[in-house]
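J.: Residue numbers (the numbering used here): 450 to 818. Quick reminder that beta carbons are idealized off the backbone N, C-alpha and C, glycines included.
#1: At which residue ranges does the stretch 759 to 804 contain complete alpha helix (DSSP H) runs of 4 or more residues, listed in the order of the chain?
#2: With DSSP collapsed to three states, give me the class of residue 528.
#3: So, are the CB atoms of residue 765 and residue 717 less than 8 Å apart?
#4: Our contact map puts residue 549 next to residue 512 with C-beta atoms below 8 Å; I'd like the distance itself, whole angstroms only.
#5: Who are residue 734's beta bridge partners in DSSP?
#6: Kindly indicate the opening and closing residues of the alpha helix (DSSP H) around residue 494.
#7: Quick one: is residue 545 buried, meaning 16 or more other Cβ sit within 10 Å of its Cβ, or exposed?
#8: From residue 668 to residue 631, what distance separates their C-alpha atoms?
#9: Let's see if you can read the secondary structure: which residues bound the beta strand (DSSP E) around residue 506?
#10: Looking at the structure shown, is residue 585 part of a helix, part of a strand, or coil, going by DSSP?
#11: So what does residue 548 bridge to, in DSSP terms?
#12: Once you ignore the five residues that flank residue 672 on each side, which residues in its own chain have a CB closer than 6 Å to its CB?
#13: By Cβ distance below 8 Å, which residues in the same chain neighbour residue 820 in space, the five residues on each side in sequence not counted?
#14: Identify, in the order they occur along the chain, each residue of the same chain with its Cβ nearer than 7 Å to the Cβ of residue 700, setting aside the five sequence neighbours on each side.
#15: Here's a check: name, in chain order, each residue in its chain whose Cβ is nearer than 7 Å to the Cβ of residue 736, leaving out the five neighbours to either side.
#16: List, from N- to C-terminal side, the alpha helix (DSSP H) runs of 4 residues or more that fit wholly inside the stretch 594 to 656.
#17: Less than 8 Å between the beta carbons of residue 674 and residue 682, yes or no?
#18: Do residue 815 and residue 777 have their C-beta atoms closer together than 8 Å?
#19: May I ask which residues mark the beginning and end of the beta strand (DSSP E) holding residue 682?
#20: Going straight from the alpha carbon of residue 679 to that of residue 775, what length do you get?
#21: So which of 507, 747, 457, 461 has the shortest CA-CA distance to residue 484?
#22: Find out if the Cβ-Cβ distance for the pair residue 759, residue 636 is shorter than 8 Å.
#23: If you draw a straight line from the alpha carbon of residue 595 to that of residue 687, how long is it in whole angstroms?
#24: Using 8 Å as the threshold, is the C-beta distance between residue 768 and residue 727 below it?
#25: Applying the criterion that 16 or more other CB atoms from any shown protein chain within 10 Å of the CB defines a buried residue, is residue 598 buried or exposed?
#26: By DSSP, does residue 726 sit in helix, in strand, or in coil?
#27: Since residue 533 contacts residue 467 with CB under 8 Å, what's their CB separation in whole angstroms?
#28: Any idea what DSSP makes of residue 720, helix, strand or coil?
#29: With DSSP as the reference, identify every bridge partner of residue 819, one or two as the case may be.
#30: Buried or exposed, going by whether 16 or more other CB atoms sit within 10 Å of the CB of residue 647?
#31: Nearest-angstrom Cα distance between residue 757 and residue 793?
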């Protein structure tokens, strides 16, 4: 049920005839209300029957102010307004057009014309309201989806997220497999499983987040990406091997500072064991129709994990393969040792990059040049 308000002094308006005629033509129940001034107009906006059309005679006082306020109010700016005026007064029509009113009736209108004009305005208003409602629902859904995507983005490797953006622009629905040469860090908290058994779950999560926050800041600062968090471990990849080496050193330095703070509070320190390697891997999607994981597969991944397992707590066991990819380190005489990779039956040349850095204090400067 809707309401039309007519403001003016026209004496020959048959309220029932007009109300019934508009209701029948518009297929909506329309009440027709007549008022001789705009003093009570505010009450018509907020009662139970929505105001769908306002009709004002030209000689009504304060109409310009009321029209101006309505057209500048977000709630009522789309309310159709009809001005009833003298057919001869063309200049006034121009004034109202500039105020956003484009429907006019002459003072001598008949009932049939009045009903037709009102019906047209009402149908347009109802159609507009439905459109705005649909747009609002779409907008609300889009906002919800945007928030949802922003939440999900933090749980997806940045590499995958950026790739999906490009694919979405081209309307591709699958992430293709891709062979890449990457520097890889695998890090695991030493003895954390045993220690966490004595902690409450909330304390475990809080501590892990503090430690991973250190790693995350360093890795993304150096153009890397964390591919996965695996319990108390993480797996990060870099396009540039020197950035991976710099990140590994920086993480251990920052973690050492964090441990000093923990020890000053009587808390046990935490140490990362790290493996650092380089090689050719394949990024691809694995899983089923309803759930996929876009992951990295290849021997360098396994090798990096083996290196991490043989690293000392607080160390970075670094392979010779990644050093050969960093030109600024090729002239260094690093203390390589041969390590047998568990489960692989082969040896790999590696050394503790962080221990070397602590002794020489010049690797970070070299890596940032």
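T.: Well, looking at it:
#1: 769 to 772
#2: Position 79 of the chain shown, counted from the start, is the residue given in the question as residue 528. Coil.
#3: Residue numbering aside, residue 765 sits at position 316 when the chain shown is read from its first letter. Residue numbering aside, residue 717 sits at position 268 when the chain shown is read from its first letter. No. Outside cutoff.
#4: The residue given as residue 549 occupies position 100 in the chain shown. The residue given as residue 512 occupies position 63 in the chain shown. With a Cβ gap of about 13 Å, residue 549 and residue 512 do not count as contacting.
#5: Your numbering for residue 734 matches position 285 in the chain shown. For residue 734, which the question treats as bridged, DSSP gives the partners 743.
#6: For the purposes of this step, residue 494 is taken as the residue at position 45 of the chain shown. 490 to 494 is the span of the alpha helix (DSSP H), which, as asked, contains residue 494.
#7: On the chain shown, position 96 is the one that residue 545 refers to. The residue is buried, with at least 16 neighbouring Cβ atoms inside 10 Å.
#8: Walking along the chain shown from the start, residue 668 turns up at place 219. Walking along the chain shown from the start, residue 631 turns up at place 182. One C-alpha to the other measures close to 14 Å.
#9: Locating residue 506 in the chain shown gives position 57, counting from the first residue. Unbroken beta strand (DSSP E) run through residue 506: 500 to 506.
#10: Start at 1 with the first residue of the chain shown, and residue 585 comes out as number 136. In the structure shown, residue 585 sits in a helix (DSSP, three-state: H, G or I).
#11: Here residue 548 corresponds to residue number 99 of the chain shown, with the count starting at 1. In the DSSP output, where bridge partners are listed per residue, residue 548 has none listed.
#12: Counting from one through the chain shown, the residue named residue 672 turns up at place 223. Closer than 6 Å at the Cβ level, and outside the excluded window around residue 672, lie 692.
#13: Outside the displayed range of the chain (450 to 818) lies residue 820, so it cannot be described from this structure.
#14: To locate residue 700, count along the chain shown from 1; it is residue 251. So the list reads 663, 664, 667, 721, once near-sequence residues are dropped.
#15: For the purposes of this step, residue 736 is taken as the residue at position 287 of the chain shown. Cβ within range, chain order: 742.
#16: 607 to 618, 641 to 645
#17: In the chain shown, the residue the question calls residue 674 occupies position 225. In the chain shown, the residue the question calls residue 682 occupies position 233. Their beta carbons are not under 8 Å apart, which means residue 674 does not touch residue 682 by this criterion.
#18: By 1-based counting over the chain shown, the position of residue 815 is 366. By 1-based counting over the chain shown, the position of residue 777 is 328. Cβ distance < 8 Å, so residue 815 and residue 777 count as in contact.
#19: As a working note, residue 682 is residue 233 in the chain shown. Taken as a continuous stretch (DSSP letters only), the beta strand (DSSP E) holding residue 682 covers 682 to 687.
#20: Residue mapping note: residue 679 aligns to position 230 of the chain shown, counting from 1. Residue mapping note: residue 775 aligns to position 326 of the chain shown, counting from 1. Taking the straight line joining both Cα atoms gives about 28 Å.
#21: Your numbering for residue 484 matches position 35 in the chain shown. The candidate whose alpha carbon is nearest that of residue 484 is 457.
#22: Looking up residue 759 in the chain shown gives position 310. Looking up residue 636 in the chain shown gives position 187. The answer is no: Cβ separation not under 8 Å.
#23: Indexing the chain shown from 1 puts residue 595 at position 146. Indexing the chain shown from 1 puts residue 687 at position 238. Rounded to the nearest angstrom, the two C-alpha atoms are 28 Å apart.
#24: Numbered from its first residue, the chain shown carries residue 768 at position 319. Numbered from its first residue, the chain shown carries residue 727 at position 278. In contact: residue 768 and residue 727 (Cβ atoms closer than 8 Å).
#25: What you label residue 598 is simply residue 149 of the chain shown in a count that begins at 1. With fewer than 16 other Cβ atoms within 10 Å, it is exposed.
#26: The residue given as residue 726 occupies position 277 in the chain shown. It is a strand residue.
#27: Taking the first residue of the chain shown as 1, we reach residue 533 at position 84. Taking the first residue of the chain shown as 1, we reach residue 467 at position 18. Not quite, the Cβ-Cβ distance comes to about 13 Å (not below 8 Å), so this is no contact.
#28: Residue numbering aside, residue 720 sits at position 271 when the chain shown is read from its first letter. It is coil, neither helix nor strand.
#29: The requested residue 819 does not occur in the structure, where the chain is confined to residues 450 to 818.
#30: Position 198 of the chain shown holds residue 647. Exposed is the call here.
#31: One-based indexing of the chain shown puts residue 757 at position 308. One-based indexing of the chain shown puts residue 793 at position 344. Roughly 15 Å between the two C-alpha positions.
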